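Shown next, in structure tokens, is the structure this report addresses.
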Amino acid sequence: MDSSTNPLATTGGNAVAARGKAYLAQFQTITSQPAVRRALPAIILVTAAVLGLAAYALLSQPKRLTLYSDLPEADKARAVEVLMSNGIDANLDRASGALSVTEADYHRARMVLATEGLPAGTPDGMTTLSEMPMGASRSVEAARLRRMQELDLARSITEFQNVSNARVHLALPEQTAFIRDTKPPRASVFVQLVPGRAMDDGQVSAIISLVSTSVPGMARSNVSVVDQNGRLLSKEGTDPLSELTDQQLAHRKRMEDHYRKRIETLLSPIVGPGNVAAEVTVDMDFTRSEITNEQYMPNGSVIRSEQEMIQSTTAQQAKGIPGAVSNTPPQETELAADGPSSTVEKQGTEKNTTSNSTRNYEVSRRVETTTPALAQITRIHAAVVLRSPPGKMGEDGSLTPGELPASVLQDANALVRSAIGFQEERGDSVTLSSQPFVNPFEEVANPWYKEAWVGTTGRYLAQIVVLAIIVLGLVRPIIDKLLFSPTAAAGSSGMLGAPIAAQGVAGLPGDAIEVGPGETLAEVRARLDGFEPAGNPWAHVSYDEKLSLIRELTRTDSDRIATAFKAMIEDDNKELK
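Anchor point for the sequence shown: position 180 equals 184 in this note's numbering, and the numbering is continuous, going up by one each time.
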């Protein structure tokens with residue numbers, strides 16, 4: 005249904021329009037007062053400044069990054085206090101409790117907190133004992149003591165360089181006098197490594213030793229270490245030969261790294277950092293051997309001991325009648341009676357002499373035992389590549405590769421030989437060449453819209469746009485309306501020059517029309533009807549019509565009439581002065 009044919013819609017629209025005009029008239033009446041007009045520019049400027057500051061505060065909020073999302077409650081207050089004292093804007097999210105700082109202060113905030121030892125991580129084990137209630141049973145006390153040991157061990161393990169967090173679980177059997185055979189204590193250690201870091205066998209062995217020596221009766225084999233990826237870091241039942249092989253391989257790798265760093269340190273100042281690549285291979289002999297050499301000196305003999313023995317024996321010869329029954333010698337009395345035969349008998353005695361001499365000589369000798377070095381270097385091979393200078397473009401468009409001078413290569417070769425302790429008889433070799441390097445990672449420039457200055461410039465431009473909208477869209481129209489209002493123009497040019505509301509006048513629409521100076525009612529009607537009056541414009545306007553127009557304007561728009569008269573009076577006062 006058309007609203008022009010509906011009287012209710014027309015009446016409602018006229019009421020709303022009349023109410024709006026009344027409010028506008030009241031506002032214009034208030035703003036037309038001299039005191040308000042004088043203070044209104046200042047009010048507008050203050051309002052614009054407040055709006056501008058609010059827009060600046062909303063648009064100039066820097067980007068914030070989350071520093072820690074799961075800080076313990078005990079560390080949050082201390083972390084905020086430390087950051088604030090160092091001039092860093094820290095904020096705690098009310099919903100999640102995450103600690104955030106501005107993007108510019110992110111890395112500095114982490115260093116400041118690390119200097120203060122934050123986050124503290126695992127709580128102290130003594131807090132478990134301090135919170136023990138009165139009258140606790142022995143089982144509760146044992147559990148609290150075990151928990152204290154676990155916390156203290158976890159705190160000690162967290163101090164390792166590559167460990168960010170740790171938990172220790174102890175399985176301690178109950179000690180009792182009624183059970184002879186008890187199970188040995190065991191321990192499990194969970195470590196959370198720092199991203200990008202790894203633990204070597206030495207650190208794992210140190211953790212196992214730390215836990216096993218902290219619990220009485222715990223063997224190293226009963227301690228297991230697991231990381232956050234589920235890998236078992238502790239090795240159970242390691243073969244001694246395999247462990248020895250790993251140690252030998254690690255020692256060889258350390259020697260190769262040592263020689264490689266020496267080569268790079270010597271050549272980098274000559275060709276520049278990143279322009280040298282070196283690899284060293286070291287052949288080592290880990291054979292354990294022992295050589296014993298014993299030498300005798302033939303001319304260095306000395307008598308050590310001497311033994312000489314002489315033995316003498318005297319015996320009579322056998323006598324008697326051969327074939328006789330008895331071969332018994334006669335009695336001595338019988339021999340003595342026979343005087344002439346005694347000399348013969350004495351000649352029949354035998355005398356035996358034995359001599360034995362023993363001499364011991366000490367022969368000079370030398371015994372030498374030689375044990376070669378366990379990790380003996382048998383051969384060293386070094387390969388060094390130097391970056392050649394960029395090539396030159398020829399006239400035909402071909403690229404000529406650049407080469408280092410021969411003197412530079414010779415000096416580099418001599419330096420490499422000195423760095424590795426080159427020995428030709430050992431079979432060492434050095435290979436030195438100059439080649440162009442290929443960069444596998446091309447530097448990709450960030451898009452311009454991802455640069456840091458783009459966000460800052462965008463915020464500043466947004467602030468300028470908001471201020472321009474406020475000034476041009478709000479402040480300027482109000483100032484123009486106050487300084488160049490139609491009522492002021494009507495007061496200076498007369499009542500007929502003011503815009504009038506023709507609502508209520510017969511034949512005129514309800515919109516405001518502009519009546520020019522000296523324009524008659526007939527001309528106004530003719531202009532509204534779409535044609536120009538003919539003849540003299542003043543001929544069809546009578547005095548009564550002018551009066552009726554003035555009365556109608558006074559009845560429908562009394563405020564404008566009053567403003568027009570006020571302007572006329574002010575102009576007259578100015579002329580009188």
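Ideal Cβ placement from N, Cα and C applies to all residues, glycine included. Since the model is a prediction, treat every value here as computed from it, not as a measurement.
Spanning the alpha carbons of THR567 and THR460 requires a straight line of approximately 51 Å. Pairing GLY431 with ILE384, the inter-Cα distance amounts to about 8 Å. Under DSSP, VAL195 takes part in a beta bridge, and its partners are ALA170 and ASP231.
Around the beta-carbon of SER438, 16 or more other beta-carbon atoms lie within 10 Å, marking it buried.
Contact between ASN360 and ARG308 fails: their C-beta atoms lie close to 18 Å from each other, not under 8 Å. By the Cβ criterion, the region 289–298 is not in contact with the region 405–422, since fewer than three pairs of Cβ atoms, one from each stretch, lie closer than 8 Å. Its Cα nearest to that of PHE31, the residue ILE482 stands out among GLU163, LEU271, SER316 and ILE482. Following the DSSP letters along the chain, one finds ALA94 inside the beta strand (DSSP E) bounded by residues 94–96. Residue burial is scored here from C-beta neighbours: ASP400 has fewer than 16 other C-beta atoms within 10 angstroms and is therefore classed as exposed. Assigned with DSSP and collapsed to three states, ASP74 falls in coil, not helix or strand. Judged by DSSP in its simplified three-state form, THR375 adopts coil rather than helix or strand. With contacts defined as CB atoms closer than 8 Å, GLY221 and PRO188 qualify as a contacting pair. With respect to the 8 Å criterion, VAL208 and VAL230 are not classified as neighbours on the basis of their beta carbons. In terms of Cβ geometry, GLU294 and THR362 do not form a close pair [threshold 8 Å]. Beta bridge pairing from DSSP links MET88 with no other residue.
Contact between VAL167 and GLU154 is ruled out by a C-beta separation of about 15 Å, above the 8 Å threshold. The beta-bridge partner set that DSSP reports for MET152 is empty.
DSSP places GLN165 outside both helix and strand once states are collapsed to three, so it counts as coil. Judged by their CB atoms, ILE424 and TYR300 are not nearer to each other than the 8 Å cut-off. For ALA472, the uninterrupted alpha helix (DSSP H) run begins and ends at 456–474, by DSSP.
At a Cβ-Cβ threshold of 8 Å, LEU87 and VAL105 count as neighbours. DSSP places MET259 inside the alpha helix (DSSP H), whose first and last residues are 244–275. With 16 or more neighbouring CB atoms inside 10 Å of its own CB, LEU271 falls in the buried class.
Here the region 89–101 makes no contact with the region 48–60; the two share fewer than three CB pairs at distances below 8 Å. DSSP places LEU436 inside the beta strand (DSSP E), whose first and last residues are 433–439. ILE474 and LEU55 do touch by the CB rule: their CB atoms are close to 5 Å apart, below 8 Å. With respect to the 8 Å criterion, ARG256 and VAL286 are classified as neighbours on the basis of their beta carbons. DSSP places SER422 in the uninterrupted alpha helix (DSSP H) bounded by 410–424.
For THR162, the closest of ASP575, ARG480 and VAL195 by C-alpha to C-alpha distance is VAL195.
CA-to-CA, the gap between GLN179 and MET203 works out to about 35 Å.
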